[in-house]
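In this note's numbering, the protein residues as written are 5 to 433. Just so it is clear, CB atoms sit at the ideal spot from N, CA and C, and this is done for glycine as well. These numbers come from a predicted model, not from an experiment. Everything below concerns the one structure shown next.
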Amino acid sequence: MPGSVRDKIVIQGGGRLKGRVNISGAKNAALPIIAACILTQGTSRIKGIPRQLTDVKLMEELLCFLGLQVNHSGEGVLEICTEKENLVTAPYELVNEMRGSICVLGPLLGSRGKAKVALPGGCVIGQRPIDLHIKGLQTLGAEISFKDGYVVAKADRLKGAEIYLGGAYGSTVLGTCNIMMAATLAEGTTVIESAACEPEVQDLANFLIQAGAKISGVGTNRLIIEGVKELHSVDYQIIPDRIEAGTFMAAAAITRGDVVLENVRLDHLGAVMEKFRDIGVEITQELWGCSVKGGDNILSTSITTLPYPGLPTDMQPQLMSLLSIAQGTSVITEKVFPDRFMHIAELNRMGASIRKEGPSAIVNGVSHLSGAQVTASDLRAGAALVLAGLVAKGTTEISGLHYLDRGYESLEAKFAQLGARIERVQEEV
Ligand code: EPU
Numbered sequence: 005m006p007g008s009v010r011d012k013i014v015i016q017g018g019g020r021l022k023g024r025v026n027i028s029g030a031k032n033a034a035l036p037i038i039a040a041c042i043l044t045q046g047t048s049r050i051k052g053i054p055r056q057l058t059d060v061k062l063m064e065e066l067l068c069f070l071g072l073q074v075n076h077s078g079e080g081v082l083e084i085c086t087e088k089e090n091l092v093t094a095p096y097e098l099v100n101e102m103r104g105s106i107c108v109l110g111p112l113l114g115s116r117g118k119a120k121v122a123l124p125g126g127c128v129i130g131q132r133p134i135d136l137h138i139k140g141l142q143t144l145g146a147e148i149s150f151k152d153g154y155v156v157a158k159a160d161r162l163k164g165a166e167i168y169l170g171g172a173y174g175s176t177v178l179g180t181c182n183i184m185m186a187a188t189l190a191e192g193t194t195v196i197e198s199a200a201c202e203p204e205v206q207d208l209a210n211f212l213i214q215a216g217a218k219i220s221g222v223g224t225n226r227l228i229i230e231g232v233k234e235l236h237s238v239d240y241q242i243i244p245d246r247i248e249a250g251t252f253m254a255a256a257a258i259t260r261g262d263v264v265l266e267n268v269r270l271d272h273l274g275a276v277m278e279k280f281r282d283i284g285v286e287i288t289q290e291l292w293g294c295s296v297k298g299g300d301n302i303l304s305t306s307i308t309t310l311p312y313p314g315l316p317t318d319m320q321p322q323l324m325s326l327l328s329i330a331q332g333t334s335v336i337t338e339k340v341f342p343d344r345f346m347h348i349a350e351l352n353r354m355g356a357s358i359r360k361e362g363p364s365a366i367v368n369g370v371s372h373l374s375g376a377q378v379t380a381s382d383l384r385a386g387a388a389l390v391l392a393g394l395v396a397k398g399t400t401e402i403s404g405l406h407y408l409d410r411g412y413e414s415l416e417a418k419f420a421q422l423g424a425r426i427e428r429v430q431e432e433v
């Protein structure tokens, strides 16, 4: 019987990265902005979409399933318009594959008066409930029930209201996106208190404003949305991916390299740059991006992840790889997803010395890492293993690539362009 094949990344560690690399459009901005097209009339044109990502492909598939037409018109450009307005079901197969698909709930309810969206399950970075999304939509007047693993929401027309969206771990990114999108077509004014203010939430708000929505307070924790009757089509460019940029900064740092990143918004990376400076990495703004120079010594530091403008949880695993070879001991505390530590065991297999204590990791810097066979447990954990592989002595083989393919476009090609000895190979299993 023929066996199946699976991809793995093979890295020969040791070299310093050098050269230029272009950062793609932000995955976590693209997903809600594509979903927001459910709310708009006419054909919207969105540029800078990281189209190779499986999450983006799944979101396109979901929109087609919901009666929208999605066309590709050039590299990273999508043209999206509504064909049928009577489809309201986001099936389990698509929602389960990608949690970001929960952000069709608000637009469907806001524009079609109904939504049936499969409940997303837990995942390796934590429980990821949607109670705040539900509370917000109920406050806007939606009738919500749960049936056969689906959330079923109905409302003739949503009514503006005051909504507090803070939870035990702070604000919610996709929850804020969902409520903001639903509120754009509601009757009257909605105020979201404790709103998430991540750059991706701001990008969605700017897209909606260009489409005719009335939103103020963008970039703050208090969003005010005055409902309008309809939204029109938009020609929009999405922001660069700050987490991909941060990942390449960490790669330059861990290999003591010298890398120029193009298409970067340093104003979105304040807390990340501050940490890199503490660690001894030099980051300089350039005309179209920035240059990143790793120091000869990697210094230990303490890190706490927080909602924006704090240090992003999506950079925590990559920073852990970097600190695993720092001089001295670092403490990393996770305040957004307190269980997001699956990568510790894999880094320790490569010779790191990290132990988990509650929501913190104590990282004792070691002199070097060693290549090993490891498995990515989620997207950013996978990125952390790539970084570890780049600096490890010997060969690192990383499996679980479907996670990496969700969030990093042309990962091996981009690292190879910087001189890394990295390739994707297929193995029989
Ligand atoms: N939370 C609740 N109730 C809710 C929603 C969230 O308790 O109804 C909790 C979560 O369990 C978590 C915290 O609130 O402890 C923050 O979760 P949030 O809702 O902000 O996460 P998300 O919107 O589901 C997005 C990104 C994640 C990123 C987080 C935090 C997308 C598609 N996903 O998820 O990105 O880690 O915000 O910044 O935008 C990634 O790209 O690798 C990734 C996981």
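If residue i sits next to residue j, beta carbons under 8 Å apart, how far is it from one beta carbon to the other, in whole angstroms?
i	j	result
Ala-275	Leu-327	16 Å between Cβ atoms; not a contact.
Asp-318	Arg-384	5 Å
Thr-188	Ile-229	6 Å
Thr-379	Ala-215	Their Cβ separation, rounded to whole angstroms, is 42 Å, which puts Thr-379 and Ala-215 out of contact at 8 Å.
Met-324	Val-296	About 18 Å; that fails the 8 Å criterion.
Phe-211	Ala-40	6 Å
Gly-80	Gly-104	That belief does not hold up - the Cβ atoms of Gly-80 and Gly-104 are roughly 18 Å apart, past 8 Å.
His-236	Gly-117	With a Cβ gap of about 20 Å, His-236 and Gly-117 do not count as contacting.
DSSP three-state call for residue i: helix, strand or coil?
i	result
Ser-105	helix
Arg-425	strand
Lys-51	strand
Val-60	helix
Met-5	With a pLDDT of only 47 at Met-5, under the threshold of 50, the placement of this residue in the model should not be trusted; the figure read from the coordinates follows. It is coil, neither helix nor strand.
Arg-260	coil
Ile-38	helix
Leu-144	coil
Ala-240	Reading the sequence as shown, one finds Tyr at residue 240 and not Ala. Strand, per DSSP.
Lys-233	coil
Gly-114	helix
Glu-79	coil
Leu-136	helix
Val-433	coil
Arg-10	strand
Arg-384	helix
Between which two residues does the beta strand (DSSP E) carrying residue i extend?
i	result
Lys-279	Unbroken run through Lys-279 is the alpha helix (DSSP H), 274 to 283; no beta strand (DSSP E).
Ile-167	166 to 168
Asn-26	22 to 26
Cys-294	293 to 297
His-76	72 to 76
Asp-152	Careful: Asp-152 lies outside any beta strand (DSSP E) and carries neither H nor E.
Ser-357	357 to 361
Ser-304	Taken as a continuous stretch (DSSP letters only), Ser-304 belongs to no beta strand (DSSP E), as it is neither H nor E.
Thr-288	286 to 290
Gln-214	Element bounds for Gln-214: not the beta strand (DSSP E) but the alpha helix (DSSP H), 203 to 214.
Val-378	377 to 379
Thr-317	Thr-317 -> no beta strand (DSSP E), and no H or E assigned at all.
Asn-368	364 to 368
Report yes if the C-beta distance between residue i and residue j is below 8 Å; otherwise report no.
i	j	result
Gly-19	Arg-425	yes
Ile-167	Gly-140	yes
Leu-4	Ala-255	The question about residue 4 has no answer here: the residues shown for the chain are numbered 5 through 433.
Met-346	Ala-376	no
Ser-306	Val-335	yes
Leu-113	Leu-162	yes
Leu-98	Leu-136	no
Ala-392	Leu-373	yes
Pro-203	His-272	yes
Tyr-312	Cys-181	no
Tyr-154	Val-340	no
Val-238	Ser-48	yes
Ile-3	Val-395	The chain is shown only over 5 to 433; residue 3 falls outside these bounds and no answer can be derived.
Asp-390	Ile-15	Just to set this straight, residue 390 is Val in the shown sequence, not Asp. Cβ distance < 8 Å, so Val-390 and Ile-15 count as in contact.
Thr-337	Ser-304	no
Asn-100	Pro-124	yes
Val-232	Ala-249	no
Ile-27	Pro-244	yes
Gly-164	Glu-191	yes
Arg-10	Val-433	yes
Glu-87	Gly-71	yes
Leu-408	Gly-386	yes
Between which two residues does the alpha helix (DSSP H) carrying residue i extend?
i	result
Ala-412	Here residue 412 is Tyr; the residue named in the question, Ala, does not match the sequence. Taken as a continuous stretch (DSSP letters only), Tyr-412 belongs to no alpha helix (DSSP H), as it is neither H nor E.
Gln-45	Unbroken run through Gln-45: none, as it is neither H nor E.
Ala-188	Checking the displayed sequence, the identity of residue 188 turns out to be Thr instead of Ala. Element bounds for Thr-188: 177 to 188.
Ser-328	Where Ser-328 is concerned, there is no enclosing alpha helix (DSSP H), given that its DSSP letter is neither H nor E.
Asn-352	347 to 353
Ala-217	It is not in any alpha helix (DSSP H) - Ala-217 carries neither H nor E in the DSSP assignment.
Ala-396	Counting along the chain, Ala-396 falls outside any alpha helix (DSSP H), and DSSP gives it neither H nor E.
Could one say the Cβ of residue i lies closer than 8 Å to chain D's Cβ atoms, at least one of them?
i	result
Leu-212	Here there is only one protein chain, and chain D is not present.
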